[in-house]
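Chains as they are written, first to last, in this note's numbering: chain Y, 141 to 295; chain H, 141 to 295.
There are 2 protein chains.
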Amino acid sequence: MPPTLQEEIRQRKPFGSAEEEAMLSIARTAAVLEHAAGEMLKKHGLTITQYNALRILRGAGAEGLCRNEIRDRLISRVPDATRLLDRLEDTGLVTRTREGEDRRFVLSRITPAGLELLARLDPEVAATNRRLLGHLSQGKLRTLIDLLGEARNPA
Amino acid sequence: MPPTLQEEIRQRKPFGSAEEEAMLSIARTAAVLEHAAGEMLKKHGLTITQYNALRILRGAGAEGLCRNEIRDRLISRVPDATRLLDRLEDTGLVTRTREGEDRRFVLSRITPAGLELLARLDPEVAATNRRLLGHLSQGKLRTLIDLLGEARNPA
DNA sequence: TGACAACATGTGTTATAACACTCATATTCG
DNA sequence: CGAATATGAGTGTTATAACACATGTTGTCA
């Protein structure tokens, strides 16, 4: 039998409420899964946030995106997207140019090297996702996804 | 209708697999909820990790716990529990003493000030949990908790 | 038009996370 | 016994996160 959360973190007292237990379950699950995903990405010199930013820029295509748009699309909020992009620019995965009508905007675009890196990563990312969550049936995954959506969005 | 995750992060392409969508849903939900909880705790001068460490020490009682035991019980893994405890010691919420048989161990204990702070926080934490997740029925919360447990523990 | 607000980005600084390494104590086993 | 190994804790350093503030650009409206 798999350990309960209470056993995992060796907590003596039972949880005060289902809400509390759900909060801790979500945090614990995210920590475990993100740690595993982070270890995989680290071998390629990327953090999870950097990887997500690259994915966003790949989705944006040749037009690129400005800093705040990238920041708002990231899975977890970062207060300093400037230096996140600085690092991606330093490693040659992203370029930034100030162009177009409104000279306040700085467009970031993924480089061919960035696209190539993502292409190399795609199968490994898919395999990691399967390894981490493939033991759940499609139905359970769908239920989980739906419940998490409800959790994030109070009606 | 609440936005789907795809809308939330303005992703064009659909997800490649349910596993991928679940990974992102978990990460997104944890980020949203932890941000809200962190904002609440910040008003009291604590980070989430510091709060969790205090909760662990309160549960341990007068015996206290050694550093590695605290580290292993934390919700999310921290590689530097020493300085986490340093900070709690600096603010007077925790004491550390080297005693007992094995002089390698350093026991950390929560102070009366730490207990008092937690007691003040208890109702606010419970209210925050209700505010963030109280819109889900008890049955849905239980299903969510169980599915997350399955997700963390491949059979 | 010209002051002012809003916006997009970047910079400076401090705190924390992350990682490699050292030190001290305890245990194991030839 | 005594060298080697294991364990627990702490330190030094670099990278990143987090926060307040500054700069330049655009839109608004008296």
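C-beta: ideal position from N, C-alpha, C; glycine also. Just so we're clear, the structure is a prediction, and the values are computed from it rather than from any experiment.
Any heavy atom of the ligand GDP closer than 7 Å to the beta-carbon of residue i?
| i | result |
| --- | --- |
| Q146(H) | The ligand GDP is not part of the structure shown, which contains no ligands of any sort. |
DSSP three-state label for residue i, please.
| i | result |
| --- | --- |
| S157(Y) | coil |
| R271(Y) | helix |
| S277(Y) | coil |
| S216(H) | coil |
| R227(Y) | helix |
| V172(Y) | helix |
| I285(Y) | helix |
| I149(Y) | coil |
| R238(H) | coil |
| L186(H) | coil |
| R207(H) | helix |
| R249(Y) | strand |
| G254(H) | helix |
| L233(H) | coil |
Which bits of chain H does residue i rub up against, with CB to CB less than 8 Å?
| i | result |
| --- | --- |
| Q278(Y) | A158 |
| I285(Y) | L145, A158, E161, A162, S165 |
Taking the alpha-carbon positions, what's the residue i to residue j distance?
| i | j | result |
| --- | --- | --- |
| V265(H) | R236(Y) | 43 Å |
| P142(Y) | L276(Y) | 14 Å |
| L272(Y) | S248(Y) | 32 Å |
| E161(Y) | Q190(Y) | 31 Å |
| E290(H) | R195(H) | 25 Å |
| L255(Y) | L181(H) | 40 Å |
| G156(H) | L145(Y) | 30 Å |
| V234(Y) | G185(Y) | 15 Å |
| R282(H) | I210(Y) | 35 Å |
| L225(Y) | A177(Y) | 21 Å |
| K183(H) | R223(Y) | 27 Å |
| A267(Y) | H175(Y) | 15 Å |
Residue i versus chain H: which residues are under 7 Å apart at the beta carbon?
| i | result |
| --- | --- |
| S216(Y) | A167, A171 |
Could you tell me which of the options sits nearest to residue i, measuring between CA atoms?
| i | options | result |
| --- | --- | --- |
| I149(H) | D242(H), T231(H), V172(H) | V172(H) |
| N208(Y) | G201(Y), S216(Y), A221(Y) | A221(Y) |
| I285(Y) | A202(H), P154(H), L164(H) | L164(H) |
| E203(H) | R238(H), E174(H), A259(H) | R238(H) |
| R292(H) | A158(Y), Q151(Y), A259(Y), I166(Y) | I166(Y) |
| D212(H) | D226(H), G201(H), L197(H) | L197(H) |
| N269(H) | A158(Y), Q151(Y), E147(Y) | A158(Y) |
| A200(Y) | A170(Y), T231(Y), D242(Y), I250(Y) | I250(Y) |
| L257(Y) | A193(Y), R217(Y), C206(Y) | A193(Y) |
| C206(Y) | H175(Y), K183(Y), L228(Y), V246(Y) | V246(Y) |
| L214(Y) | E147(H), E241(H), P263(H) | E147(H) |
| L288(H) | V218(Y), R227(Y), K280(Y) | K280(Y) |
Quick one: list the residues of chain H neighbouring residue i, beta-carbon separation under 9 Å, in chain order.
| i | result |
| --- | --- |
| Q151(Y) | R195, I196, G199, R213 |
| E174(Y) | M163, I166, A167, A170, S216 |
How would you list, in chain order, the residues of chain Y whose beta-carbon sits under 8 Å from the beta-carbon of residue i?
| i | result |
| --- | --- |
| E290(H) | P142, H275, L276, K280 |
Taking Cβ-Cβ distances shorter than 9 Å, what residues in chain Y pair up with residue i?
| i | result |
| --- | --- |
| A266(H) | G156, S157, E159, E160 |
Just to make sure I have the definition right: I need the residues of chain Y whose C-beta is within less than 7 Å of the C-beta of residue i. Which are they?
| i | result |
| --- | --- |
| R270(H) | E159 |
| P294(H) | H275 |
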